[in-house]
Amino acid sequence: MNYKNLKKYIYIVLSILVLILYTKDIDFSGKSHYKEITVINEPDIKSVLVNKNYKLPIEYVPNDLTLISNLYAYENKYLRKEAKDAFEQLSRDASTLGYKIIAVSAYRDYYYQDQLYNNYIKEKGSQYADKCSARPGHSEHQTGLAVDVMGSNNDYDHFENSLEFEWMKNNAHHYGFILRYPENKTKITGFKYEPWHYRYVGITIANIIYQENITLEEYYDKYINLN
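Per my numbering, the sequence shown starts with residue 213, numbered consecutively.
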């Protein structure tokens with residue numbers, strides 16, 4: 213390798229390293245995670261974007277939280293009324309096909325999320341906590357529109373290995389739900405792959421996100437553009 217080619221090679225390698233370092237904590241919109249934060253002023257809209265850059269008010273509690281039937285959830289799990297009805301219909305239809313889809317986590321208030329997040333920090337450190345748990349105010353569960361599900365293997369951490377996973381992944385959009393944190397989309401969503409976490413956005417938006425294989429962040433960037 214001659215000197216000119218060596219310089220070119222070093223330049224390319226350094227450019228790649230700089231790019232990696234620069235984007236390590238940057239989402240696809242160019243915002244540093246948890247650095248450029250906007251408090252959401254319309255938290256009640258069902259397509260509301262909540263992530264590491266868009267935060268719900270501390271005092272926000274949906275005014276139409278409704279108890280999910282114990283046929284389709286662990287005890288005392290709540291979603292907003294529209295999302296709750298849609299989830300029960302989804303679980304009911306799945307049941308007729310021999311599947312079992314149960315809600316294991318749904319609405320969480322700001323203070324519960326604060327406790328959960330800080331428990332992760334105590335157990336495994338802040339870096340791990342930020343990969344797998346939202347900071348308080350940044351959790352979709354506070355919207356009352358997000359639900360974590362479990363299948364017939366009775367282990368939501370391994371929902372991907374259940375009989376129900378493929379059905380859920382391919383049919384949830386018919387009921388207005390999306391797989392919120394897909395595989396290989398961590399740079400965009402800010403969170404690791406969570407095959408058990410589904411988010412209600414309504415049938416119209418859910419179908420667009422499913423058909424185009426995009427995230428809610430990408431939907432906003434393409435169709436709403438908050439910038």
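Glycine included, each C-beta is placed from N, C-alpha and C at the ideal position. Note that the structure is a prediction, hence the values are computed from the model and not measured.
Any idea what DSSP makes of residue i, helix, strand or coil?
i: T427; result: coil
i: T416; result: helix
i: Y405; result: coil
i: I421; result: helix
i: S345; result: coil
i: Y286; result: coil
May I have the straight-line CA-CA distance separating residue i from residue j, to the nearest angstrom?
i: L291; j: T250; result: 24 Å
i: Y323; j: W408; result: 23 Å
i: S244; j: L309; result: 44 Å
i: Y319; j: T278; result: 10 Å
i: F389; j: K336; result: 31 Å
i: K258; j: I400; result: 20 Å
i: Q325; j: N331; result: 10 Å
i: K293; j: L428; result: 21 Å
i: G363; j: E376; result: 6 Å
i: T398; j: N265; result: 14 Å
i: I415; j: K289; result: 22 Å
Need the endpoints of the beta strand (DSSP E) that residue i sits in, please.
i: D360; result: A358 to M362
i: T278; result: L277 to L279
i: L391; result: F389 to Y393
i: I270; result: From DSSP, I270 is part of no beta strand (DSSP E); its letter is neither H nor E.
i: V316; result: I314 to S317
Hey, quick one: how far does the alpha helix (DSSP H) through residue i stretch, first residue to last?
i: A451; result: No answer is possible for residue 451: the residues shown for the chain start at 213 and end at 439.
i: F377; result: E376 to N383
i: I257; result: Element bounds for I257: n/a, residue is neither H nor E.
i: I333; result: Y322 to K336
Between residue i and residue j, which are expected to be in contact by the criterion C-beta below 8 Å, what is the C-beta distance as a whole number of angstroms?
i: V361; j: V316; result: 7 Å
i: W170; j: Y284; result: Residue 170 lies beyond the stretch modelled for the chain, which goes from 213 to 439, so this question has no answer here.
i: K296; j: I280; result: 6 Å
i: E352; j: R411; result: 6 Å
Less than 8 Å separating the beta-carbons of residue i and residue j?
i: A306; j: Y329; result: no
i: A298; j: Y387; result: yes
i: I314; j: Y272; result: no
i: G349; j: L268; result: yes
i: I417; j: Y431; result: yes
i: K334; j: F403; result: no
Say yes only if the C-beta of residue i is nearer than 7 Å to one or more non-hydrogen atoms of the ligand ZN, and no if none qualify.
i: N373; result: Among the components modelled here there is no ligand, and therefore nothing to report on the ligand ZN.
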